[in-house]
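Here the structure is laid out as structure tokens; the discussion comes afterwards.
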Amino acid sequence: MSFVVEFNSLPLESLVKRSRDATAFAARESLAKDRLSLTDFAQLISPAAGELLESMGRRSHRLTQQRFGKVIRLFAPLYLSNECINNCKYCGFSRDNPILRVTLSVDEVLREAWALAAKGFRNILLVAGEHPKFVSHQYLRDCVAALHAEIPSVSLEIGPMEKTDYQPLAAAGADGLVVYQETYDRAVYADLHTAGPKRNFDWRMETPERAYAAGFRRIGIGALYGLADWRYEAMGVAAHADYLLRNCWKAYLTISLPRLRPCAGEFQPLTHMTDRELVQLMCAFRLMFPDVGLVLSTRESAKLRDGLIPLGITLMSAGSHTEPGGYTGAGKEHLHQTVRGRIVKTGPPMSPKPPISGAGASEWATNGQAPKATGQFKIADERSADEVASLIQRLGYEPVWKDWDAALIT
Ligand code: SF4
């Protein structure tokens, strides 16, 4: 039995309909409960519950302080590679995008990690596209092992693997795995993932369970808002979280709430979720799952992030770069394009016009400046990690840079 079996029998359509049709009275009843069902969650993300946002926010704030105290944990993404064999229409790293690519060497990864450590980070998320040739299992293991010696908490956001391929990564020191389903709508998923192994919806959906079985003790899930009806996605995430809490209960679960951002390929969001709806959803997740970590990235503006801190967010990235080498310039010497798995040189690194063609290529290939690897998407909150930490303190919270050490379980 896996979540896929449960997912296939979920009445998602009728839950979403129930959400759309819920009355303010029904939403208020759900808000008053201590333990929420999926139906209650549907009513809390309803248009009618939008009127109760202040009450939801107060309750969410209280619950978060009870369970987590006044702390915000900070982490930084460290991009290893922007090579990918998948075509995901909404992602800048899609294999057919004519972008500048690079895979950092282990030494370059360490340089990036030291730069992050110098800023204070002790919690790093290693991110890579899915490409067995450039991002091999051995390469990932080497990166984790090298970082584990320096950084107490290393998590991964990489292409899904078999349990037996995850085990050496966990053994090398990776303690967390993040995998977003992107969209829980099968039809939309099939339309957006046009090539590569990521086309397999079920395989991806079962990834958190394989990661748990392999020994990861932190599991992160989420949907990418902007691909399908946000209420449908939210119901999928809630059902998935509920399943994982029942079946992978030794793991610490986090839910992320990423919304689409501009990226190479110029994909436009297919659906819209307002700031107010994002706040409502975050509060609903907190009320439904009081002990789950809620993650907010630099995809959101500084103003919105600041407003969400007291409401229920527990983990934030800060000062992020979404391109390999973003923190130190590492890897600039090996920039290239990749065509059918083959490296195509782009000329000298400082060449003002790399020989790249294709719709929308030049701006994203050069980022409008001297060539550097192309980022996965444009971030919205461009403040430094220091500035974010100071803001957290001004709001009366403690920024926590290190929240885990393997010594805790050895
Ligand atoms: S979303 Fe992931 S798998 Fe898809 S193109 Fe981007 S990096 Fe590759």
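Take 224 as the starting number for the sequence shown in the numbering used here and just add one per residue. All residues carry an ideal CB built from backbone N, CA and C; glycine is no exception.
Assigned with DSSP and collapsed to three states, I347 falls in strand. In the DSSP assignment, the residues bridged to K568 are H559.
DSSP, read as helix, strand or coil, puts A446 in strand.
When C-beta atoms of the segment 424–442 are compared with those of the segment 236–243, fewer than three pairs fall below 8 Å, so the two segments do not count as touching. DSSP places F248 inside the alpha helix (DSSP H), whose first and last residues are A247 to L254. Any heavy atom of the ligand SF4 within less than 6 Å of a residue's beta carbon puts that residue on the list, which reads C307, N309, C311, C314, F316, S317, G352, E353 and K421. For the options L276, R251 and W337, the alpha carbon positioned closest to that of A553 is the one of W337.
By the Cβ-count criterion, G315 is buried, with 16 or more other Cβ atoms from all chains shown falling within 10 Å of its own Cβ.
Excluding five sequence positions before and after R484, the CB atoms of its chain that fall closer than 8 Å to its own CB belong to R522, F600, K601, I602 and A603, given in chain order. Under the DSSP assignment, P622 falls in the beta strand (DSSP E) whose first and last residues are E621 to V623. Residue A418 holds the alpha-carbon nearest to the alpha-carbon of C311 among A418, D398 and R617.
The closest CA to that of G280, considering only K526, R565, S543 and E500, is found on E500. Judged by DSSP in its simplified three-state form, M279 adopts helix. Within the segment 332–406, the complete alpha helix (DSSP H) segments at least 4 residues long are 360–371 and 386–395, listed from N- to C-terminus. Residue pairing for F298: DSSP places it in a beta bridge opposite S540. Between D388 and R441, the CB-CB gap reaches or exceeds 8 Å. Per DSSP, reduced to three states, the secondary structure at C311 is strand. Taking a cut-off of 8 Å for Cβ pairs, the segment 492–499 and the segment 532–547 do not touch, as fewer than three such pairs fall below it.
DSSP, read as helix, strand or coil, puts A451 in coil. The three-state secondary structure of L501, taken from DSSP, is helix. I478 has I444 and L517 as its beta-bridge partners, per DSSP. For Q491, the closest of L415, Y550 and S520 by C-alpha to C-alpha distance is L415. Separation of R364 and A249 (C-alpha to C-alpha, rounded to the nearest whole angstrom) is 50 Å.
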